[in-house]
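Worksheet for the structure shown next.
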Amino acid sequence: MPRILFTPDQKSTDVDSNTKILLAGRKAGVNVRFGCASCRCGTCGVKLMEGADQLSPIKPDEAKLLKRLKLPADGTVRLACQARVNGDCVVDLDFQDTYNTEDINLLDEDE
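So for the sequence shown, the numbering used here puts the first residue at 187; every next one is plus one.
Have a look at this one:
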C-alpha cells in the first residue's frame with residue numbers, strides 16, 4: 187500500500203494504489219488547494235519532492251495545462267486532481283503558493 191507524505195505539515199497516509207493525490211490529501215487531513223478537480227483550472231498543482239516516478243503518467247491535458255501555467259511538465263510538478271499514487275512519495279504543498287493561476291487565460295486554448 188503506497189504511503190504519501192505531505193509537507194510542510196509532515197502528515198502521511200497510506201492509500202490504495204491508483205488514488206489521486208487530491209483524495210489522499212483529504213484522507214491525511216491536509217489542505218490541498220483545488221478549484222475544479224477536473225484538469226481545467228490548474229489550482230491544484232503540487233511539487234513532488236520524492237517519488238515522482240511512483241505516480242501515473244502525465245496525460246496530454248495535464249501536460250498542456252502545466253505548460254500554460256509555465257510549470258514544468260517533467261513529472262516534478264503534477265496536478266493533484268490528475269496524478270494517481272502507485273508507490274511512496276513526498277508532496278510539497280507550499281509549492282501551491284509559488285504560482286498564480288490567474289496569470290493565464292484559461293479560455294485561450296492556443297497558448
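All residues carry an ideal CB built from backbone N, CA and C; glycine is no exception.
8 Å contact criterion, which residue i and residue j should meet: CB distance rounded
i: residue 278; j: residue 233; result: 4 Å
Proximity below 8 Å, CB of residue i to CB of residue j
i: residue 231; j: residue 281; result: yes
i: residue 267; j: residue 208; result: yes
i: residue 187; j: residue 195; result: no
i: residue 169; j: residue 272; result: The shown model of the chain, from 187 to 297, leaves out residue 169, and the question about it has no answer.
i: residue 213; j: residue 270; result: no
i: residue 265; j: residue 285; result: no
i: residue 251; j: residue 225; result: yes
Assigned exposure category for residue i - 16 Cβ within 10 Å defines buried
i: residue 229; result: buried
i: residue 288; result: exposed
Cut-off 6 Å between Cβ atoms - residues of its own chain near residue i, not counting five sequence neighbours on either side
i: residue 221; result: 227, 229
i: residue 297; result: Because the pLDDT of residue 297 is 46, which lies under 50, any placement of that residue in the model is unreliable, and the number read from its coordinates should be weighed accordingly. Same-chain partners within the cutoff: 254.
i: residue 171; result: Absent from the model: residue 171. The displayed extent of the chain is 187 to 297, so no value can be given.
i: residue 216; result: 192, 195, 197
i: residue 235; result: 276, 278
7 Å Cβ shell around residue i - same chain, five flanking residues per side excluded
i: residue 242; result: 269, 270, 272
i: residue 247; result: 225
i: residue 259; result: 244, 249, 252, 253
i: residue 211; result: 192, 218, 266
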